[in-house]
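Reviewing the structure listed below.
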Amino acid sequence: MYKLAYAWAPDVQVLWLRSSGTAKDGTAPLWTAMFVSANKKSAHEFTYRAITEDTKRKGVVSGTEQAWGGPTPKGQPFATADMRIDSDAAYTAAATEVEKWLKDNPGKELHLVLGKESKYPAPVWSVYWGDEKKPLAAVVVNASDGKVIK
Numbered sequence: 098m099y100k101l102a103y104a105w106a107p108d109v110q111v112l113w114l115r116s117s118g119t120a121k122d123g124t125a126p127l128w129t130a131m132f133v134s135a136n137k138k139s140a141h142e143f144t145y146r147a148i149t150e151d152t153k154r155k156g157v158v159s160g161t162e163q164a165w166g167g168p169t170p171k172g173q174p175f176a177t178a179d180m181r182i183d184s185d186a187a188y189t190a191a192a193t194e195v196e197k198w199l200k201d202n203p204g205k206e207l208h209l210v211l212g213k214e215s216k217y218p219a220p221v222w223s224v225y226w227g228d229e230k231k232p233l234a235a236v237v238v239n240a241s242d243g244k245v246i247k
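Heads up, the sequence shown is in the working numbering, so the first residue is 98 and it goes up one at a time.
Rendered as structure tokens:
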């Protein structure tokens with residue numbers, strides 16, 4: 098996704114990345130990212146499909162572009178170099194943190210979201226099980242060093 102985003106805007110930064118579909122062990126069949134450009138004052142969504150499914154082919158699809166008003170406390174852009182921990186490693190750290198809960202609650206839907214908020218010094222992976230609005234279990238992992246924050 099980054100290659101297409103960079104072609105769209107050389108000053109591109111990541112605003113967020115989200116898994117979709119049935120995620121397992123830190124991997125997912127579908128990822129959607131929002132990239133932003135301060136120069137263009139725009140945000141652009143891209144989706145990566147890891148597998149071919151029905152008529153939808155594996156690969157990256159450029160989505161919608163919209164106006165972007167700049168960073169907010171809950172949504173701060175970051176460079177890809179600021180993220181050194183991938184989703185697999187974030188999942189492993191999170192699963193270790195809630196190991197007992199996972200054993201007692203098998204089969205709950207897994208979600209992974211990468212983003213940056215002003216309250217954290219680096220981008221973070223939010224790894225949660227259940228519904229996004231009211232997760233059953235959630236762990237925040239620093240995407241720079243892999244340490245569990247909460």
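Cβ atoms here follow ideal geometry from the backbone N, Cα and C, with glycine treated the same way.
Report yes or no: is there a C-beta of chain B within less than 7 Å of the C-beta of residue i?
i	result
Asp242	Given the protein chain composition of this structure (a single chain), no chain B is represented.
Give the C-beta separation of residue i and residue j to the nearest angstrom, bearing in mind that I take them to be a contact with Cβ-Cβ under 8 Å.
i	j	result
Met131	Trp113	5 Å
Ser134	Asp151	Not quite, the Cβ-Cβ distance comes to about 33 Å (not below 8 Å), so this is no contact.
According to DSSP, is residue i helix, strand or coil?
i	result
Tyr145	strand
Lys153	strand
Ala191	helix
Lys121	strand
Trp105	helix
Glu196	helix
Ser159	strand
Tyr99	helix
Once the 5 residues before and after residue i are set aside, which same chain residues still bring their CB inside 8 Å of it?
i	result
Gly172	Leu112, Trp113, Gly212, Lys213 and Glu214
Ala240	Asp179, Met180, Arg181, Ile182, Ala187, Leu211, Ala219, Pro220, Val221 and Trp222
Lys244	Ala190 and Val238
Quick one: what's got a C-beta closer than 7 Å to residue i's C-beta in the same chain, skipping five residues either side?
i	result
Phe175	Gln110, Val111, Lys213 and Pro220
Trp165	Val133, Lys138, Ser139 and Ala140
CB-CB under 6 Å to residue i, same chain, minus the five flanking residues each way: which ones, in chain order?
i	result
Asp185	Gly123
What do you get for residue i, buried or exposed, if any count of 16 or more other CB atoms within 10 angstroms of its CB means buried?
i	result
Tyr225	buried
Leu233	exposed
Ala147	exposed
Arg154	exposed
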